[in-house]
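Numbering-wise (UniProt numbering), the sequence shown opens with residue 1 and increments by one.
From the three backbone atoms N, C-alpha and C, an ideal C-beta is built for every residue, glycine too.
Report on the following structure.
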Amino acid sequence: MTDARTHRRLTEPRLVIASHNHGKVVEIRALMAPFGIDVVSAGDLGLPEPNETGLTFIDNAVLKARASAEASGLPALADDSGMTVAALDGAPGIYSARWAGPSKDFGAAMELVRTRMGDNPDRSAAFVCALAIAWPDGHVETFEGVIGGHLEFPPRGDFGFGYDPIFVPEGETRSFGEFPPEEKHRISHRARAFNDLVRACLDGDGGA
């Protein structure tokens with residue numbers, strides 16, 4: 001469990017979500033709603049998307065959060081997330097969005113996963129979410145959540161986004177694409193990372 005005493009408390013009334021991904025913005029906005037913080041996305045502010053040159057999910061989340069905090073003068077929360085597939089040696093990983101190409105065609109990305117897995121019987125996979133909050137003074141907090149599961153084809157469900165229709169979380173028979181948003185928000189990789197963030201920076205005693 002995260003020890004909030006080692007983290008900075010988020011006290012500012014406004015927060016930038018450092019993303020242009022509508023699905024991520026919707027999920028993070030829903031998670032932040034109970035805390036009375038005014039949330040605006042980087043897309044709303046017309047902020048540019050930095051090149052994601054990091055080697056890990058955490059690296060890229062920090063890069064995006066810092067860029068938005070510096071450009072906006074506000075605290076910024078960035079998410080870098082993706083799917084790791086055991087049969088593909090952890091791919092697509094940090095390149096999950098890039099597998100969908102410039103047009104963000106996740107139907108094509110899911111088909112690419114299926115094709116590359118071939119007849120490999122190992123269908124295990126995980127969703128990973130790294131969150132980073134950056135302040136304009138350069139301070140950064142990071143959190144990571146993981147949920148394991150397996151892949152099933154063909155894709156199922158109209159909820160969620162990205163690879164949700166092929167990912168079945170542990171203990172479930174439904175894909176994330178078949179989870180209503182409120183159910184997914186309770187157990188997802190993003191929710192797990194966000195719960196740590198809440199304990200550290202919103203519900204805790206603070207202290208930088």
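Per DSSP, reduced to three states, the secondary structure at Thr84 is strand.
Distance from the CA atom of Glu12 to the CA atom of Ile37, rounded to whole angstroms, is 8 Å. Closest in C-alpha terms to Asp137, from the list Ala67, Ala61, Met110, Pro48, comes Ala67.
Taken atom to atom, the span from the alpha-carbon of Ala78 to that of Val85 is near 23 Å. No Cβ-Cβ contact shorter than 8 Å links Met117 with Pro155.
A distance of 8 Å or more separates the beta carbons of Ser72 and Arg190. In this structure, Pro75 keeps its C-beta atom at 8 Å or more from the C-beta atom of Leu31.
Beta-bridge annotation (DSSP): Ala61 is not paired with any residue. Between the segment 83-98 and the segment 148-167 there are three or more C-beta pairs closer than 8 Å, enough to call the two in contact. Going by C-alpha positions, Pro34 is about 24 Å away from Lys64. Around the beta carbon of Gly101, fewer than 16 other beta carbons lie within 10 angstroms, which makes this residue exposed.
In this structure, DSSP gives Glu52 a state outside helix and strand, which the three-state scheme calls coil.
Cα atoms of Asn195 and Glu183: separation of roughly 15 Å, rounded to the nearest angstrom. Proximity to Gly107 across Ser41, Glu172, Ile166, Val39 peaks at Ile166, based on C-alpha coordinates.
A residue is called buried when at least 16 other Cβ atoms come within 10 angstroms of its Cβ; Glu27 meets this threshold and is buried.
Within the same chain, and ignoring the five residues on either side of Arg114 in sequence, the residues whose Cβ sits closer than 7 Å to its Cβ are Phe153. Burial is judged here by how many other beta carbons sit within 10 angstroms of a residue's own beta carbon; Pro92 has at least 16 and is buried.
For Leu31, there is no enclosing beta strand (DSSP E); the enclosing alpha helix (DSSP H) covers residues 22-32.
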